[in-house]
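In the UniProt record's numbering, the protein residues as written are 1 to 199.
What follows is the structure, given as structure tokens:
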């Protein structure tokens with residue numbers, strides 16, 4: 001999707017709440033990776049007699065991930081757990097990089113970066129626990145959710161306003177798209193009105 005010359009007013013609304021150094025980092029992102037449990041879900045694990053049977057995803061997050069992809073930003077899921085539910089969600093959203101059972105997420109990101117010819121400054125990651133820490137400390141844009149352990153919050157550049165599974169990933173997507181002036185076209189094509197901001 002072509003980047004417009006004139007920013008959409010809603011982009012300024014989003015970016016006004018974000019420190020300039022975070023906006024600058026978001027502007028460089030070409031690949032955004034997400035942990036699943038606690039980021040794309042609320043972290044609850046639902047079990048039946050035969051193991052994990054359900055995860056709760058949020059539609060707002062799903063559309064945000066689609067917007068990233070349609071804007072030319074590569075999206076990846078990198079999770080420490082394994083199961084068909086994550087693979088199905090990734091397939092629904094057209095996400096080609098879905099890595100499960102990953103213990104070393106930094107190593108996975110390093111491999112992805114090499115495959116796509118990207119530097120770490122061009123990669124973002126959103127995670128919320130110890131397994132995510134090394135990756136968060138290395139990427140250009142590190143993000144987490146409220147309620148993450150203190151050492152995770154201290155390691156990241158940005159903390160979402162909404163919790164995991166409740167639109168946190170969408171906030172991150174909107175931030176990246178707004179920083180790159182790529183959110184406006186989605187708003188314009190849907191004739192969106194946001195608060196006092198109209199087209």
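Using N, Cα and C, we set each Cβ at its ideal position, and we do this for glycine too.
Around the beta-carbon of residue 73, 16 or more other beta-carbon atoms lie within 10 Å, marking it buried. For residue 102, there is no enclosing beta strand (DSSP E), as DSSP gives it neither H nor E. In this structure, residue 35 lies near residue 79, with their beta-carbon atoms less than 9 Å apart. Residue 82 is classed as exposed because its beta carbon has fewer than 16 other beta carbons within 10 Å across all chains shown. DSSP places residue 16 outside both helix and strand once states are collapsed to three, so it counts as coil.
Distance from the CA of residue 21 to the CA of residue 75, rounded to the nearest whole angstrom, comes to 22 Å.
With a minimum length of 4 residues, the unbroken runs of alpha helix (DSSP H) contained wholly in the region 104-189 fall at 105-116, 133-136, 150-155, 168-179, 184-189.
The continuous beta strand (DSSP E) containing residue 76 extends over residues 74-78.
Counting C-beta pairs closer than 8 Å gives three or more between the region 137-146 and the region 155-169, which meets the contact rule. Membership of residue 33 in the beta strand (DSSP E) is indicated by the continuous run 31-34. Classified as buried, residue 123 has 16 or more neighbouring CB atoms from the shown chains inside 10 Å of its CB.
Sequence-distant Cβ neighbours of residue 57 in its own chain, meaning closer than 8 Å and more than five residues away, are 40, 41, 89, 165.
In summary, residue 174 is buried, with 16 or more beta-carbon neighbours lying within 10 Å of its beta-carbon over all protein chains present. Closest in alpha carbon position to residue 63, among 87, 130, 95, is 95. CA-CA distance, residue 100 to residue 77, rounds to 8 Å. Boundaries of the beta strand (DSSP E) around residue 48: 46-48.
If the five residues before and after residue 187 are omitted, its C-beta is found closer than 7 Å to the C-beta atoms of 8, 10, all from its own chain and listed in chain order. Taking a 10 Å sphere around the C-beta of residue 49, we find fewer than 16 other C-beta atoms and assign the residue as exposed.
Take the alpha-carbon of residue 183 and the one of residue 171: they are about 12 Å apart.
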